[in-house]
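Engineer: Just so you know, the sequence shown maps onto residues 930 to 1077 in our numbering.
Glycine included, every Cβ here is placed at the ideal spot set by N, Cα and C.
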Amino acid sequence: ALILPISVGADAGITDVKYKGRSATGYFWAINGKLHLNDFTSIYTGYGETTADIPDENGVDQDFTSTSIPLALQVNIPIVLGDVYVRGGGNYYDNTYAMEKEDGWGLLGAVGINLSPGIGPGLAVELTYRDAGSAETSSIGVGASLNF
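Below is the structure:
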């Protein structure tokens, strides 16, 4: 049982970024928090940043940066040493590619496994998909969390 119904964490990993028909491999990092509604569901939010060098129509690499503030519902299925989870919701994004800027709302989804004894530290592995206007990302990441 949790003492407080919250947990905080940080994630990082590698991501495949597609932007207007072009793609590249990049990196992401994020900080996040969850408000546990009960043993099976929680509200997820945070802040994340994705970066990549995506070639333009002339083949010259241009800097791509996307920031994201997600708001999602997470459903957990308990296992012996933690839980398996699925998350779905939306994210506010702000994309910058070369001199182009774009912001708005997109969708996100994730599946993962969290190894945690309950209160204290945890470790997670996650697959995430995020739609961000002209960009979309597919990521694999690892994260650490602290459950209160």
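1. Quick one: residues in its chain with C-beta nearer than 6 Å to the C-beta of Thr994, no 5 flanking neighbours on either side, listed in chain order?
2. So the candidates are Arg951, Thr944 and Asp968; which of them puts its Cα closest to the Cα of Trp958?
3. Which residue wins for smallest C-alpha separation from Val1054, given the options Ala1064, Val1040, Ile1048 and Ser1067?
4. In the DSSP output, what is Ile1006 paired with across the bridge?
5. With a CB to CB cut of under 7 Å and the five nearest residues on each side skipped, what residues in its chain are close to Pro934?
6. What are the partner residues of Leu1044, as DSSP defines its beta bridges?
7. What does Val989 pair with, by DSSP beta-bridge criteria?
8. Please look up how many angstroms separate the CB atoms of Ser1064 and Val946, rounded, as I've assumed it's under 8 Å.
9. Can you tell me which of Leu1000, Ile1008, Asp1023 and Ala1027 puts its alpha carbon nearest to the alpha carbon of Gly1017?
10. Buried or exposed, going by whether 16 or more other CB atoms sit within 10 Å of the CB of Thr1057?
11. To which residues does DSSP link Leu1037 through a beta bridge?
12. Quick one: what does DSSP say Phe957 is sitting in, helix, strand or coil?
13. Using DSSP with H/G/I as helix, E/B as strand and the rest coil, what is Ala981?
14. What number of angstroms, rounded off, separates the C-alpha of Asn967 from the C-alpha of Asp1032?
Structural biologist: The answer reads as follows:
1. So the qualifying residues of the chain are Thr980 and Thr1025.
2. Ranking the options by Cα distance to Trp958, first place goes to Thr944.
3. Nearest to Val1054 by alpha-carbon distance, out of Ala1064, Val1040, Ile1048 and Ser1067, is Val1040.
4. For Ile1006, which the question treats as bridged, DSSP gives the partners Val1013.
5. Leu964 and His965.
6. Residue pairing by DSSP places Leu1044 opposite Gly1011 and Leu1052 in a beta bridge.
7. Beta-bridge partners of Val989 (DSSP): none assigned.
8. It should be noted that the sequence gives Ala, not Ser, for residue 1064. Their Cβ separation, rounded to whole angstroms, is 6 Å, which keeps Ala1064 and Val946 in contact under 8 Å.
9. Measuring from the Cα of Gly1017, the nearest candidate turns out to be Leu1000.
10. Buried, because 16 or more other Cβ atoms sit within 10 Å of the Cβ of Thr1057.
11. DSSP, once it has assigned bridges, lists Gly1018 and Arg1059 as partnering Leu1037.
12. Strand at Phe957.
13. Judged by DSSP in its simplified three-state form, Ala981 adopts strand.
14. Roughly 33 Å separates the two Cα atoms.
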